[in-house]
Amino acid sequence: MARPWVLVTGGQGFVASLLAPHLSARGYAVWAPARDQLDIGDRAAVESAVAGRDWAAVVHLAGLSHVPTCERDPGRAYRLNRDAAVDLYQALRRHTPGAHFVFASTALVYRTPSGTEAATDCVLTEDREAAPTGVYAHSKWEAEQALCQLPIDAGRLTIARLFNHTHKTQPAAFFLPHVYQGLCAAGPGRTAVVPVGNLEIHRDVGAVADLVTALGVLVAHPWSPGLGVFNICSGVRRHLGQLARSLAARLGVEVRFEVDAGRLRPGEPRSICGSLDRLATATGWRPRCTEESAFLDAFLADDPGAWTAAPPRG
């Protein structure tokens with residue numbers, strides 16, 4: 087029996103490079119083209135690529151995710167994050183109308199807690215009001231809205247709102263990789279001085295390995311045709327200061343944090359966590375790296391793909 091084909095866009099990206107072998111190991115034939123193999127901003131190239139196979143699913147991870155770059159060039163951000171997603175979806179509907187389209191959106195589309203809510207343990211569910219701030223979040227939200235207005239026919243449209251998922255190889259623009267790089271620069275047995283913002287906050291930070299398994303479950307689940315919107319998150323509130331100190335202890339590095347005013351965000355919510363209940367109820371998926379020790383193991387793993395080898399727990 088022929089293996090079902092899955093297109094994973096953004097093949098050079100960290101998540102796509104892990105998702106492709108994960109899906110392949112589970113019986114799919116996967117094409118995860120690099121940028122020079124498929125320019126998602128080129129409508130004709132997208133049409134040609136989609137017309138070439140009978141796709142079971144498309145996981146659309148490609149786009150412009152660097153927030154400062156989006157702010158500097160909003161035209162490009164909307165073209166790659168919104169318009170390219172619509173073009174890809176429409177091409178898929180024309181050539182393989184029964185295929186499953188998984189669009190990687192962001193939890194930044196949700197309204198940020200403010201006022202009295204900012205002092206609470208806020209849980210973001212899929213029913214929360216959308217109020218994106220900034221070009222990146224707006225471009226993803228407009229993509230969601232545009233996709234939802236298009237016909238689904240016999241296919242399946244899934245919008246996955248991704249929360250923070252991290253690994254040591256990510257750029258230092260992300261919190262824990264920034265701390266990790268500062269600790270490594272000092273070395274074991276020495277003291278690292280790491281500039282930080284507010285460490286007395288809680289955030290939902292998951293392991294990239296869990297994100298990959300969740301996307302794999304979304305692809306494989308025997309859905310009925312229709313629309314689904316799901317958070318992909320850890321469902322765990324992690325105290326950033328404690329997490330950073332635990333990482334330092336793992337690496338055997340003494341650490342002194344220095345507050346950098348440029349990293350502070352006035353009015354920042356005290357605690358934000360995602361709800362994974364809808365995805366867990368629909369598929370049985372649960373993250374594996376919820377305990378701090380398992381999370382740090384996955385963060386420090388030289389081969390994060392190894393963490394996706396075991397099926398997720400039901």
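The numbers in this note's numbering rise by one with no breaks, and the one at position 112 of the sequence shown is 198.
Here a beta-carbon is modelled for each residue, glycine too, at the ideal position from N, C-alpha and C.
In this structure, threonine 369 sits near histidine 307, with a CB-CB distance shorter than 8 Å.
Scanning its chain for C-beta atoms nearer than 7 Å, with the 5 sequence neighbours on each side dropped, one finds around glycine 327 the residues Leu285, Glu286, in chain order.
Distance between tryptophan 117 and aspartate 388, taken at the CA atoms: about 24 Å. Taken through DSSP and simplified to helix, strand or coil, asparagine 284 comes out as coil. Just measuring C-alpha positions, the residue of Glu228, Phe187, Leu174, Ala142 sitting nearest alanine 163 is Glu228.
The alpha carbon of valine 345 has as its nearest neighbour, out of Cys270, Ala384, Val265, Arg372, the alpha carbon of Val265.
Listed in chain order, the non-local C-beta contacts of lysine 254 below 7 Å within the same chain comprise Pro263, Tyr266, Phe385, Leu386, local neighbours out to five positions each way being set aside.
According to DSSP, residue pairing for leucine 313 in a beta bridge involves Leu243. By the Cβ rule, the stretch 108-124 does not count as touching the stretch 309-319, because fewer than three pairs are nearer than 8 Å. A residue is called buried once 16 or more other Cβ atoms fall within 10 Å of its Cβ, and serine 225 is buried on that count.
With a contact defined as Cβ atoms closer than 8 Å, alanine 295 and tryptophan 371 miss out at about 13 Å. Under the Cβ criterion (8 Å, minimum of three pairs), the stretch 327-336 does not count as touching the stretch 165-185.
Contact between the stretch 141-151 and the stretch 202-210 is absent, with fewer than three C-beta pairs closer than 8 Å.
Around the Cβ of aspartate 173, a 10 Å sphere holds 16 or more other Cβ atoms; the residue is buried.
Using a C-beta cut-off of 8 Å, the stretch 351-362 makes contact with the stretch 205-214, since at least three inter-stretch Cβ pairs fall below that distance. Sequence-distant Cβ neighbours of cysteine 375 in its own chain, meaning closer than 8 Å and more than five residues away, are Gly292, Ala293, Ala295, Asp296, Ser320, Phe381, Asp383, Ala384, Trp393. Spatial neighbours of proline 274 in its own chain (CB-CB distance under 7 Å, excluding positions within 5 residues in sequence) are listed in chain order as Leu337, Gly338, Val339. Out of Ser103, Ala88, Gln98, the CA that lies nearest to the CA of glycine 302 is found in Ser103. Here valine 339 carries a coil assignment [DSSP, helix/strand/coil]. For the stretch 119-144, the full-length alpha helix (DSSP H) segments reaching 4 residues or more read 129-137 along the chain. In the structure shown, phenylalanine 381 adopts helical secondary structure according to DSSP, grouped into three states. Counting of Cβ neighbours within 10 angstroms places arginine 247 among the buried residues, the total reaching 16 or more. Only exposed fits arginine 351, as fewer than 16 other CB atoms lie within 10 angstroms of its CB.
Per DSSP, aspartate 207 is not a residue of any alpha helix (DSSP H); the beta strand (DSSP E) it occupies stretches across 207-210. Judged by beta-carbon spacing, leucine 194 lies within the 8 Å limit of alanine 223, meaning their Cβ atoms are closer than that value.
Nearest to arginine 197 by C-alpha distance, out of Ser191, Asp125, Ala217, His186, is Ala217.
Take valine 221, set aside five residues on each side of it, and the residues of its chain with a beta-carbon closer than 6 Å to its own are Cys156, Glu157, Pro160, Ala163, in chain order.
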